[in-house]
Amino acid sequence: MGLTGLDIFKLTPRKNCKECGFPTCMAFAMKVASGAVEIEKCPYISDEAKAKLSEATAPPMKTIKIGAGDNEKALGGETVLFRHEKTFVNRPLFAVQFDDQMADDELARKADNIKKVDYERIGEQMHAELVAVKYTGNKDRYLEIVKQLKDLNKTFVLVCDDAAVAADAVALVKETKPVLVGANADNLEDMVKLAKDNGIVLGLSAAGIEDLYALTEKAQGLDYKELVLNTTGENIAKTFEKTIEVRRTALEGKDRTFGYPSIVFVNELAKGDAYMQTALAATFILKYGSIIVLEDIEYANALPLFALRQNIYTDPQKPMRVEPKVYEFANPDAESPVLLTVDFALTYFVVSGEIERAKVPAYLAVPDAGGLSVLTSWAAGKLGASVIRDMIKNSGLEEKLTRKRLVLPGKVAVLKGDVEEELPGWEIIVGPEEAMQIPKFLRELD
Amino acid sequence: MAYTKVAKKYSGKINEVTLGTGDKAITIGGRNVLPLHHFDGEVGNPPKVGLEITDIVPEDWNDALKDLYSDVIGDAAKWAKYVEDNYAPDFICLHFVGASPDGANKSVEECVEVAKQVADAITTPLVVAGSKNDEKDGELFAAVAEALQGKNILILAAKEENYKTVGAAGALAYQQKVAAESSVDINLAKQLNILMTQLGVKEEDIVMHLGSAAAGYGFEYLSSTMDRVILAALGQNDTTLQMPIITPVAFDTWGVKEAVASETDEPEWGNAEERGIHLEVATAAACLVSGADAVIVRHPKSLQTVKNFIEGLLQ
């Protein structure tokens, strides 16, 4: 990236010593440019040249690690602005914010919500990964709250622009590798020192985009690059602009000054409107938020936001799969029918959505079909009579059911005869071709 | 080094399409920048938000919503007027769930009668959506387009299976606007737009419906399809993809588990209406930043939130 073979050739000693294993320095340089060989293979390359090269080949956006132990998460490291161009890599994290004005009951309620919202969705554990604690002037209370919230075992985002208070707060939780969001043009040197001394990530805040740029350059000038940029602006429009511009400048403008993850305080922008907060959080899941700060978390806002994040951060080349097993709908009993589909997440969602809509008790058997759609998996030999038989035999359904009915997807009606042979005692029914016909089909079954 | 903005100039532009007549007519599209990127250039008409109503009492709707509309829910014309007076959506979407042969199977004549009553009751632009049965919808849309000639409605939508009937009757014979519906695939979207224009439908009479999905239910396919369509429309000036986009968010979000599951089934999850609204606004916002020029929502609170959201982004 950046440097051509010719550029690299100029960094070599140009004496064709062959010690690198290549006949000429030029041949070696071309290989390095294509990424096939490491520059270190040349024993005569200068440190200066190495540094220049690693600078030129470094990714445009830094990957920043926060949190300790099991809580460690990576932020940033993105290479594209649109997920179809490659993939997004490090999903944004959610923080719930507390502050030093909060009364105990409010604090307890929010902490409780954080504990409550912790569930699995398609193989991923969903919960707010971070707690943000904002300093507004009451130092004792601030430190007390930080101490109290340690029990939640989350990574802290300390939002505090008073370096002395921040130092005390950091001292309380430094082993959890928190983020300190509080550096601005007035306190930069103290804050950088504090972050450096404690080895933690520092968040930078500035009003306009030019100010933020200048501040980031200054922080880099102090030789600190473990940074997060606060892209929250004075209103929604400015925040949207700032967050997009920062990412775009890094990835398209190849300007690493903005090559850092962002933090967006959507709680401040929403001004107490919970629905608005959800709309904004959704916006910054798509458009380049790395840490998204919420006022509160409940299932109502968590369910759509975590689900959206899971979708958007799926690698386009690796379709999402659901766990192969028997899913239950509307408390099925020993008489309920068993429907069959595949483990390709999109197919599963459409089918399960329709069964849900039908409000008819049913089982949905999902075998391991390679994460492909019904027709594709059938064509690839991953959804055949024997796969279906093994799935049903291992599921425990035979013992559970007094009436054994298996509904095949209409698209693989051709499997009916084979499945009947493999599953004696079962009534094999051909279901509809399209998922949308499932409710009517289920209601009319018997 | 000073900050240099990465300038984003596109050669293409999204078409403008006008719906409705008179003072309340709305226009969508018209931008030459990515969605809501007001800082890059001409952001065009602000996206529009419509509210969904149905031709028959929608049995599967959330109870709280049915209660909210209890005085008017049995009469689509009254319902439309109520919505217009109380919530002032940019447009109203009359969803003919009752036309479905898998459901109430109302005749085309009955549906046309409802459409006429609704159109006469309101001055807000009207979008009519079908039953998901291509054959029935083809007949229904042709008849509704004729009956509402002069109202400049949007027909949602023509698909590959019925575009000839819907396109010919809707746009050619009765000068309505037609949405071209494809299933989350840029090539299918392009192909249908081309087929429609070959039929004689003017580009400025076409809106795209690229498919829809609730957040969490394959939404990444929809979002990436929108990204690709818009980058082709703007960046490559592909005139076969420059139609504005409408996304009926309501049709999907209120049907998935997060919105449907009762509090008895999922006691931890809390109130189902609340969940539905959050899911609806999250999905609508995600659609708008991905590129939708109009979205359809079901809950009046979603309508209000999404309107404020758009205003906030463009302030």
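Line by line, the protein sequences are chains A and B. Residue numbers for the first sequence follow our numbering, so the first one is 63 and each next one is one higher. Residue numbers for the second sequence follow our numbering, so the first one is 1357 and each next one is one higher. A virtual CB, placed ideally from N, CA and C, is assigned to each residue, including glycine.
Q. What in chain A is Cβ-close to N1664 of chain B, meaning under 8 Å?
A. D335, M338
(Q) Quick check on this structure: which residue in A:A427, A:D202, A:S96 has the alpha carbon closest to the alpha carbon of V227 of chain A? (A) A:D202
Q. By the criterion of Cβ-Cβ separation under 9 Å, what are the contact partners of L1635 of chain B in chain A?
A. T340, A362, L365, P366, A369
Q: Scan the stretch 1574 to 1592 of chain B for residues whose Cβ lies nearer than 8 Å to a Cβ of chain A and list them as they occur along the chain.
A: G1574, F1575, E1576, Y1577, S1579, S1580, D1583, R1584, L1587
Q. Assuming L1669 of chain B and N1388 of chain B make a contact with CB atoms under 8 Å, what is their CB distance in whole Å?
A. Not confirmed; about 17 Å, so no contact.
Q. Whose C-alpha, out of A:Q187, A:F144, A:G270, is nearest the C-alpha of A299 of chain A?
A. A:G270
Q) Between G321 of chain A and M123 of chain A, which are expected to be in contact by the criterion C-beta below 8 Å, what is the C-beta distance as a whole number of angstroms? A) 4 Å
Q) Does the beta carbon of K444 of chain A sit closer than 8 Å to a beta carbon anywhere in chain B? A) no
Q: Check the C-beta distance from L367 of chain A over to A344 of chain A and give it rounded, since I have them as a contact under 8 Å.
A: 7 Å
Q) What does DSSP give as the partner residues of R309 of chain A in its beta bridges? A) DSSP output for R309 of chain A lists no bridge partner at all.
Q | Beta-carbon proximity check, K1529 of chain B vs S1538 of chain B, cutoff 8 Å | A | The identity of residue 1529 of chain B in the sequence shown is Ala, whereas the question assumes Lys. Cβ atoms of A1529 of chain B and S1538 of chain B: not closer than 8 Å.
Q.
Am I right that A157 of chain A and V193 of chain A are in contact with their C-beta atoms under 8 Å? What's the rounded C-beta distance?
A. 6 Å
Q. Where M92 of chain A and Y286 of chain A are concerned, what is the direct C-alpha to C-alpha distance, given to the nearest angstrom?
A. 33 Å
Q | Same chain, Cβ closer than 6 Å to G67 of chain A, five either side skipped, listed in chain order | A | A91, M92, A95
Q) Can you name the residues of chain A whose CB is closer than 9 Å to the CB of A1641 of chain B? A) T340, A341, L342, A343, A344, T345, L348
Q.
Measuring only the C-alpha atoms, how far is L1659 of chain B from K455 of chain A?
A. 49 Å
Q: Classify V1540 of chain B as buried or exposed, calling it buried when 16 or more other Cβ atoms lie within 10 Å of its own Cβ.
A: buried
Q: Could you tell me which uninterrupted beta strand (DSSP E) segments, each at least 3 residues in length, are contained entirely in the stretch 190 to 236 of chain A, listed from first to last along the chain?
A: 192 to 196, 217 to 221
Q: Could you tell me whether the Cβ of I271 of chain A comes closer than 8 Å to any Cβ of chain B?
A: yes
(Q) Strictly by DSSP, which residues pair up with Q187 of chain A? (A) A:E182
Q.
Rounding to the nearest angstrom, what Cα-Cα distance links A1444 of chain B and D1379 of chain B in this structure?
A. 13 Å
Q. Going by other Cβ atoms of all chains shown within 10 Å of its Cβ, with 16 needed for buried, is M63 of chain A buried or exposed?
A. Summary for M63 of chain A: the model assigns pLDDT 46, below 50, so the residue's position carries little reliability; its value from the coordinates is reported in the next sentence. Exposed is the call here.
Q | Per-residue contacts from K502 of chain A into chain B (C-beta, under 8 Å) | A | D1458, G1459
Q: Can you give me, in chain order, the residues of the stretch 1384 to 1398 of chain B that have a beta carbon less than 8 Å from any beta carbon in chain A?
A: L1392, H1393, H1394, F1395
Q. Taking 7 Å as the cut-off, is the CB of E1502 of chain B close to at least one heavy atom of the ligand ATP?
A. The ligand ATP is not part of the structure shown, which contains no ligands of any sort.
Q.
For A1524 of chain B and S1487 of chain B, which I take to be in contact (beta-carbon distance under 8 Å), what is that distance rounded to the nearest angstrom?
A. Wrong, their Cβ atoms sit about 20 Å apart, outside the cutoff.
Q) Using 8 Å as the Cβ pair cut-off and three pairs as the minimum, do the stretch 1616 to 1625 of chain B and the stretch 1403 to 1411 of chain B touch? A) no
Q) Roughly how many angstroms separate the alpha carbons of N1549 of chain B and F71 of chain A, rounded to a whole number? A) 51 Å
Q. Taking Cβ-Cβ distances below 8 Å as the criterion, which residues of the stretch 1538 to 1551 of chain B are in contact with chain A?
A. none
Q: Examine chain B for any beta-carbon lying closer than 8 Å to the beta-carbon of F327 of chain A, and answer yes or no.
A: no
Q) Under a CB-based cut-off of 8 Å, is Y106 of chain A close to chain B? A) no
Q: Starting from the C-beta of L408 of chain A, find all residues in its chain whose C-beta is less than 8 Å away, skip the five residues before and the five after it, and write them out in chain order.
A: P381, M382, S435
Q) Between which two residues does the beta strand (DSSP E) containing A1571 of chain B stretch? A) Taken as a continuous stretch (DSSP letters only), A1571 of chain B belongs to no beta strand (DSSP E), as it is neither H nor E.
Q: Quick one: residues in its chain with C-beta nearer than 8 Å to the C-beta of K462 of chain A, no 5 flanking neighbours on either side, listed in chain order?
A: A396
Q: Alpha carbon to alpha carbon, how far is I306 of chain A from L250 of chain A? Give it in angstroms, no decimals.
A: 24 Å
Q. Mind pulling the chain A residues with CB within less than 7 Å of A1638 of chain B?
A. T340, A341, A344, P366, L367, L370
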